[in-house]
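Scroll down for the structure; my scribbles are underneath it.
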Amino acid sequence: MRIDNLNDMNRNYIFLTIVMLVLAAGTLFLTTSDEPKQIAPEELLQEIIQPSRYVTTDQVAKMIIQGDPSLLMVDVRPEGEFEEYALPGSVNVPLENLLDEENLSYFGVPGVKVVFVSNDDIRADQTWVLTKRLGYKGTYVLKGGINCWMQTIIDPLPPNEDAPKSEFEAYAFRRGAQIYFTGAATLAPDGENVQVQVRRREKTNVAAGGC
Amino acid sequence: MHIHEINPWRTLIAVAIFVVILLIGFLTMPKPLLNYEKSMNESVDALLMSEDYVYPWELEEIIADKPDSIVIFDIRDNFVFGQGHIPGAENLSANTLTFPENIERLKALKEMGTTIILYGEDELQANGPWLFFHQVGFDNMKLLLGGYKYYNEHKDDLYSTMDDDAYYSGFPKFDYADMAAPKEGSELFSDSENKPVEVRRRKKSNIAAGGC
Chain A
1 MRIDNLNDMN
11 RNYIFLTIVM
21 LVLAAGTLFL
31 TTSDEPKQIA
41 PEELLQEIIQ
51 PSRYVTTDQV
61 AKMIIQGDPS
71 LLMVDVRPEG
81 EFEEYALPGS
91 VNVPLENLLD
101 EENLSYFGVP
111 GVKVVFVSND
121 DIRADQTWVL
131 TKRLGYKGTY
141 VLKGGINCWM
151 QTIIDPLPPN
161 EDAPKSEFEA
171 YAFRRGAQIY
181 FTGAATLAPD
191 GENVQVQVRR
201 REKTNVAAGG
211 C
Chain B
1 MHIHEINPWR
11 TLIAVAIFVV
21 ILLIGFLTMP
31 KPLLNYEKSM
41 NESVDALLMS
51 EDYVYPWELE
61 EIIADKPDSI
71 VIFDIRDNFV
81 FGQGHIPGAE
91 NLSANTLTFP
101 ENIERLKALK
111 EMGTTIILYG
121 EDELQANGPW
131 LFFHQVGFDN
141 MKLLLGGYKY
151 YNEHKDDLYS
161 TMDDDAYYSG
171 FPKFDYADMA
181 APKEGSELFS
191 DSENKPVEVR
201 RRKKSNIAAG
211 GC
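So the protein lines, in turn, are chains A and B.
Letter by letter, the first sequence follows residues 1 to 211 in my numbering.
Letter by letter, the second sequence follows residues 1 to 212 in my numbering.
Given below as structure tokens:
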């Protein structure tokens with residue numbers, strides 16, 4: 001009788017153990033993907049429908065001229081096009097290489113404004129959506145892209161005579177910027193690509209030296 | 001005397017209740033309205049070879065035939081929509097896209113196998129939402145190239161835009177390297193009437209945004 005009871009107990013405990021193991025194994029399937037951390041889809045859509053990510057060529061030109069250290073232009077065109085011509089100081093991250101570890105480390109640096117650049121703004125905008133899905137903050141899109149850069153900064157058209165004063169001011173700025181970006185370049189030998197100081201996000205496992 | 005020795009089934013009953021509670025918990029877990037159905041890598045690949053576009057000249061037939069299998073959504077503001085839109089288009093302003101009822105509506109259309117065409121003022125405006133819905137599994141969503149602006153300029157003869165490439169995005173319109181080449185220094189000092197750029201001075205940005 002007593003032995004029967006013991007057997008019953010053992011059987012129950014074994015059963016209990018199996019159930020727990022099955023449940024534990026089940027939790028492994030709760031997170032099936034090894035995808036990087038991402039923001040919720042609803043949150044992403046909310047971000048997308050706000051137009052606050054667009055910056056104008058004037059704004060970017062101003063930042064370059066002023067040597068704004070917080071500006072990092074990320075050119076998402078293919079490598080070949082980037083080598084032919086690129087905005088001064090920009091780095092190349094073709095869309096197909098966007099998810100490379102070293103390219104992702106450009107984003108999310110505190111205090112750095114990443115501006116995506118493409119021929120127009122479509123591809124840059126798409127890259128923005130993808131990086132936003134990964135939760136990176138401080139990313140922007142150059143409205144109009146390099147095509148617009150050419151039209152407004154490299155070869156600006158004078159406004160009509162009856163245009164508002166602000167347009168003349170914009171034109172005056174653009175003429176100055178034009179000289180800066182085309183004329184001033186003659187001072188640099190060969191127009192050689194200047195070595196760009198790039199800030200990458202540091203790996204967090206490095207112990208920060210506290211002072 | 002241990003409690004199990006009184007009733008050996010006691011553990012079993014406890015475990016059964018435990019499992020039932022867990023199951024109920026899982027089954028009633030609130031399901032999110034939207035889920036990413038493309039991984040990041042798939043999203044990049046899909047973008048690089050996407051063909052989910054509608055060309056302006058394709059609208060000619062869609063407007064004329066009004067097929068049930070196609071729904072056109074105008075994501076501009078209601079006010080602008082009222083001033084003019086593509087015939088047969090429905091207004092679905094971008095700022096209402098996140099409303100659950102609108103997402104349910106889009107889901108219902110998807111299940112019926114309906115093709116959804118999105119357009120905004122220009123291609124850029126609808127580009128973000130279009131890409132977003134592709135990432136959450138709406139493979140039936142297409143983007144109108146050129147947007148409303150291009151359509152409106154050519155609505156009288158959409159077929160003739162078949163040979164036009166002005167609405168294609170992503171291509172350089174100029175020879176950048178040549179255009180931005182140094183101008184022999186002559187530009188540097190020639191134009192004295194234009195003030196040189198004022199650098200390193202923080203002031204209110206009164207520069208009018210360019211028309212791009």
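Backbone N, C-alpha and C fix where the C-beta goes; we use that ideal spot for every residue, glycine too.
Flag residue i as yes if its beta-carbon sits less than 7 Å from any beta-carbon of chain C, otherwise no.
i	result
Glu-161 (chain A)	Among the protein chains of the structure shown, namely A and B, there is no chain C.
How long is the line joining the alpha carbons of residue i and residue j, rounded to whole angstroms?
i	j	result
Val-206 (chain A)	Gly-89 (chain A)	Because Val-206 (chain A) carries a pLDDT of 47, less than 50, the predicted location of this residue cannot be relied on, and the following value inherits that uncertainty. The alpha-carbon atoms of Val-206 (chain A) and Gly-89 (chain A) are separated by roughly 28 Å.
Asn-7 (chain B)	Leu-16 (chain A)	15 Å
Val-22 (chain A)	Leu-109 (chain B)	39 Å
Ile-49 (chain A)	Ala-94 (chain B)	6 Å
Glu-101 (chain A)	Phe-107 (chain A)	11 Å
Val-19 (chain B)	Phe-29 (chain A)	17 Å
Tyr-55 (chain B)	Leu-144 (chain B)	6 Å
Phe-168 (chain A)	Val-93 (chain A)	36 Å
Glu-123 (chain B)	Asn-91 (chain B)	16 Å
Val-136 (chain B)	Ala-124 (chain A)	20 Å
Asn-7 (chain A)	Met-29 (chain B)	39 Å
Leu-47 (chain B)	Ala-126 (chain B)	15 Å
Val-44 (chain B)	Ser-70 (chain A)	27 Å
Phe-82 (chain A)	Asp-165 (chain B)	23 Å
Tyr-54 (chain A)	Gly-26 (chain A)	45 Å
Tyr-148 (chain B)	Leu-23 (chain B)	50 Å
Thr-127 (chain A)	Phe-171 (chain B)	16 Å
Tyr-176 (chain B)	Gly-80 (chain A)	13 Å
Lys-31 (chain B)	Ala-40 (chain A)	13 Å
Ser-52 (chain A)	Asp-121 (chain A)	14 Å
Ala-188 (chain A)	Pro-182 (chain B)	Its pLDDT being 46, under 50, Ala-188 (chain A) is placed unreliably by the model, and nothing is read from it.
Asp-157 (chain B)	Val-91 (chain A)	42 Å
Gln-151 (chain A)	Phe-26 (chain B)	57 Å
Ile-17 (chain B)	Thr-11 (chain B)	10 Å
Arg-199 (chain A)	Lys-137 (chain A)	15 Å
Gly-82 (chain B)	Ala-89 (chain B)	11 Å
So, with DSSP's three-state summary, where would you put residue i?
i	result
Tyr-159 (chain B)	helix
Thr-139 (chain A)	strand
Ile-49 (chain A)	coil
Gly-185 (chain B)	Legend: pLDDT at Gly-185 (chain B) = 49, less than 50; position of this residue unreliable, no value from coordinates given.
Phe-73 (chain B)	strand
Phe-82 (chain A)	helix
Met-112 (chain B)	coil
Pro-196 (chain B)	Note on Pro-196 (chain B): pLDDT 42, under 50, position unreliable in the model; no value is reported.
Gly-210 (chain A)	Note that Gly-210 (chain A) scores a pLDDT of 49, beneath 50, so its modelled location is shaky and nothing firm can be said.
Asp-125 (chain A)	helix
Ile-55 (chain B)	Here residue 55 (chain B) turns out to be Tyr, not Ile, going by the sequence shown. Note: Tyr-55 (chain B) maps to coil in three-state DSSP.
Ile-39 (chain A)	coil
Lys-113 (chain A)	strand
Leu-131 (chain B)	helix
Ile-14 (chain A)	helix
Asn-152 (chain B)	helix
Val-19 (chain A)	helix
Near residue i, what residues of its chain come up, given a Cβ to Cβ distance below 7 Å and the 5 sequence neighbours on each side ignored?
i	result
Thr-115 (chain B)	Ser-69, Ile-70, Asn-140 and Lys-142
Asn-119 (chain A)	Arg-77, Gly-145, Ile-146 and Asn-147
Pro-129 (chain B)	Ile-75, Ala-94, Leu-97 and Leu-118
Leu-44 (chain A)	Lys-132 and Arg-133
Met-20 (chain A)	none
Tyr-171 (chain A)	Pro-156, Pro-158 and Pro-159
Glu-47 (chain A)	Lys-132
Taking residue i as the query, report the chain A residues whose CB atoms sit under 8 Å from its CB, ordered along the chain.
i	result
Asn-102 (chain B)	Correct list: empty, because the minimum Cβ distance to chain A is about 11 Å.
Using a Cβ cut-off of 8 Å, pull out every chain B residue sitting near residue i, in sequence order please.
i	result
Met-150 (chain A)	Lys-173, Phe-174, Tyr-176, Met-179 and Ala-180
Ser-118 (chain A)	Gly-170
Glu-84 (chain A)	Tyr-176 and Ala-177
List, in chain order, every chain A residue whose beta-carbon is nearer than 7 Å to that of residue i.
i	result
Glu-123 (chain B)	Ile-122
Phe-132 (chain B)	Leu-44, Leu-45, Ile-48 and Val-129
Leu-144 (chain B)	Near Leu-144 (chain B) there are no residues of chain A at all, since even the closest Cβ is about 13 Å away, more than 7 Å.
Residues in its own chain within less than 6 Å of residue i by CB, not counting five upstream and five downstream?
i	result
Phe-138 (chain B)	Lys-110
Asp-75 (chain A)	Phe-82, Ala-86, Ser-90, Asn-92 and Val-117
Name the chain A residues whose beta carbon is nearer than 9 Å to that of residue i?
i	result
Gln-135 (chain B)	Pro-41, Leu-44, Val-129, Leu-130 and Arg-133
Pro-129 (chain B)	Leu-45, Ile-48 and Ile-49
Val-15 (chain B)	Asn-12, Phe-15, Leu-16, Val-19 and Met-20
Val-19 (chain B)	Val-19 and Leu-23
Would the beta-carbon of residue i be found less than 6 Å away from any heavy atom of the ligand FAD?
i	result
Pro-78 (chain A)	This structure does not include the ligand FAD; it has no bound ligands of any sort.
By Cβ distance below 8 Å, which residues in the same chain neighbour residue i in space, the five residues on each side in sequence not counted?
i	result
Thr-182 (chain A)	Ile-154
Lys-37 (chain A)	Leu-134 and Gly-135
Tyr-53 (chain B)	Lys-142, Leu-143, Leu-144 and Leu-145
Pro-100 (chain B)	Leu-33
Residues of chain B with CB closer than 9 Å to the CB of residue i, please, in chain order.
i	result
Pro-36 (chain A)	Met-40
Subject >> Proximal residues, the stretch 164-186 of chain A versus chain B, C-beta separation under 7 Å >> reply: Ser-166, Glu-167, Glu-169, Ala-170, Ala-172, Phe-173, Arg-175, Gly-176, Ala-177, Ile-179, Tyr-180, Phe-181, Thr-182, Gly-183, Ala-185 and Thr-186
**OP:** Return the residues of the stretch 27-48 of chain B that lie within a Cβ-Cβ distance of less than 9 Å from chain A, sorted by chain order.
**Re:** Pro-32, Leu-33, Leu-34, Asn-35, Tyr-36, Ser-39, Met-40, Asn-41, Ser-43, Val-44, Asp-45, Leu-47 and Leu-48
Subject >> Residues of the stretch 94-120 of chain B whose Cβ lies closer than 7 Å to any Cβ of chain A, in chain order >> reply: Ala-94, Asn-95, Leu-97 and Thr-98
Subject >> chain B contacts made by the stretch 89-114 of chain A, where a contact means CB separation under 7 Å >> reply: For the stretch 89-114 of chain A, the residues whose beta carbon sits under 7 Å from a beta carbon of chain B are, in order, Leu-95, Glu-96, Leu-98 and Leu-99.
Subject >> Contact set between the stretch 155-170 of chain B and chain A, restricted to residues whose Cβ is under 8 Å from the partner >> reply: Ser-169 and Gly-170
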